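Comments concern the structure below.
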Amino acid sequence: MFLTNYTLCFSFFLLGSSSLFFPHRHEKTDSDQSRALHSSSSNLNLVCHTFTVPDKSIKLLRAHRNQDGFTGKETRELKRLLKGAANNDNMVIIAMLDEAQNSVFDLFIQSFKVGNGTSSLLNHLVVLALDREGFERCGALHSHCYFPKHTSNLRGSRETMMMARQIDFSRQVLELAYNLIYTDLDVMWFRNPVRQFDSISLLILATERYRGERSFGSRANGAFMFVLSADQTIEFFRTWRLTMRMYAGEDRAAILTRAVREGTYNFGPKVQLLDTDLFGDVCRRDMDLREIYTARAGCCMERGDKLSAMRALARAWRNYTAMSVEEGRSSSAIMARYKCRS
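In C-alpha cells, the structure reads:
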C-alpha cells in the first residue's frame, strides 16, 4: 500500500504562530509512526510531528482543501476567458453579478463608457455570474461572462455568501497567475485607477477611513482592490477566508481589516491604502469630480436607494464633463454628499 509521510511543524513567536508542511512520499507497509523534533531560541519555538497517512485519505484531504466549486471543464473555460481578457501586464478586472444586481450592473457598465479613458477597460472585465439570470444579463451587455454550473454550498447571509465567493474567485484567478482588480458593481469608474497604484505594492485596497496609504489605522472596505499574483497574496486570501469563519457575523470591512492587520508580516510595506478623496463613497463626503477616480454607492443598502445614488453620480459626472474648462475649475465641479433615504 502506498503511504505518505507528512511533517507538520508549528513555529511559535511572541506575536503569533504559523504552520509549515513538508510532505515526502514513499512505499510503506508497517504501522503509522510519529516522532517529534524540538528546536528553540529566545524568540522561536519549533515543534514538529511526522505522521503517516494512506494515499486514499490524502486524496480526500486534497479534494476537500481544493474544493472551490469548479469542475475541470469550467476551469478550462475560465482560463480561456482570462486569457482573452487580460491586458499586456496579465491583469484582469473581476466583478460578480446576480439577478438582484441587474440594474446596478447596467449603471456600472455605463460608467466605464462615459468615464475619462475607461471605456477600453471593459475589454479586461470578467464577470462571475452567480445565477442564470445574472449570466443572461451579463451576456446582453458584455462579452466576458463566466457562470460555473457547479458551485460549492455556502451558508449564511447574502453578504457572507458574496464575500466567500469574492474570496474564492479572486484566489482562483491569482492561482492561475493573473493579477486582478476586484470591484463591486456599485463602484462607478470615472478615471483609470491604475495611475494611482504604486509599483511596489502586492495589495492595494480602497478604504472607508483613510489615515495614510501605509497606515493600518485605515479601514479597508473590500469593494475595490488591486492584487498582484504572488505566493503572499494567494496565502492572504486563505487568511481572509479563515478570518471570515473566525469572526462570523462581522461585516466585510471589519473582517478584511482584521485579515490585513494580522497578515502584514507577509507583505511588509507592500500594502497600499487608497485615499478616499480619489476613491470615495458618495455618502461619506463631497465628491470633487475634478479629482475622483472611482465613486461608490456602498452606503445605500436598499437597492432602490443604491440605484438613485448611482444615477445621481452619473448625472453629476455628465454635467461636469459638459462644462467648459473655466466652469470645470470652479466649485460647481463638487458633488454634494448624497443622503440615502434608508
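In mature numbering (1 follows the signal peptide of the UniProt record, and there is no 0), the protein residues as written are -19 to -1, 1 to 323. All C-beta atoms in this analysis are idealised placements derived from N, C-alpha and C, irrespective of residue type, glycine included. Note that the structure is predicted; figures quoted are calculated from it, not measured.
> If you follow the alpha helix (DSSP H) that I74 is part of, which residue opens it and which one closes it?
Replying inline: I74 -> not in any alpha helix (DSSP H); beta strand (DSSP E) instead, spanning M72 to L78.
> For R190, which residues does DSSP report across the bridge?
Replying inline: For R190, DSSP records a beta bridge to R200.
>> Between the alpha carbons of Y191 and R277, how many angstroms are there, rounded?
In response: Going by the C-alpha atoms only, they are around 15 Å apart.
> Which of the three DSSP states, helix, strand or coil, is assigned to A234?
Replying inline: Here A234 sits in helix by DSSP.
>> Using a Cβ-Cβ distance cut-off of 8 Å, determine whether A229 contacts chain C.
In response: This model lacks chain C altogether, as it is built from one protein chain only.
> Would you call the stretch 168 to 185 and the stretch 80 to 96 touching, i.e. three or more CB-CB distances under 8 Å?
Replying inline: As far as the Cβ criterion goes, the stretch 168 to 185 touches the stretch 80 to 96, which means the pair count is three or higher.
> If we ignore side chains and look at the alpha-carbon of each, how far apart do G115 and L103 end up?
Replying inline: Near 17 Å, if we compare the C-alpha coordinates of L103 and G115.
>> Quick test of the definition: if touching needs 3 or more C-beta pairs under 8 Å, does the stretch 152 to 165 touch the stretch 51 to 67?
In response: Cβ pair count under 8 Å is three or more, so yes.
> With distances taken between CB atoms, is the gap from S151 to Y163 smaller than 8 Å?
Replying inline: In this structure, Y163 lies closer than 8 Å to S151 by Cβ.
>> Threshold first: 4 residues or longer. Then list the alpha helix (DSSP H) segments lying entirely within the stretch 97 to 164, N to C.
In response: Qualifying alpha helix (DSSP H) stretches, in chain order: 113 to 122 and 139 to 156.
>> Using a Cβ-Cβ cutoff of less than 8 Å, which residues in the same chain neighbour M144 once the five nearest sequence positions on both sides are dropped?
In response: Excluding residues within five positions, the ones whose Cβ falls inside 8 Å are G203, M225, R233 and I236.
>> Would I74 and H105 be called neighbours here (beta carbons separated by less than 8 Å)?
In response: Yes, they are a contact pair.
> Taking C-beta to C-beta, are R271 and T257 nearer than 8 Å?
Replying inline: No Cβ-Cβ contact shorter than 8 Å links R271 with T257.
> How would you call E189, buried or exposed, if buried means at least 16 neighbouring beta carbons within 10 angstroms?
Replying inline: Flag for E189 reads buried.
>> Just to confirm, is the Cβ distance from L288 to I273 under 8 Å?
In response: Between L288 and I273, the C-beta gap is not smaller than 8 Å, which leaves the two residues out of contact.
> Are Q184 and V107 touching if we call contact CB-CB under 8 Å?
Replying inline: Gln is not the amino acid found at residue 184; the sequence shown has Leu there. The answer is no: Cβ separation not under 8 Å.
> In the structure shown, what three-state DSSP assignment does A229 receive?
Replying inline: Here A229 sits in coil by DSSP.
>> Strictly by DSSP, which residues pair up with R277?
In response: The partner list for R277 (beta bridge, DSSP) reads V168 and D262.
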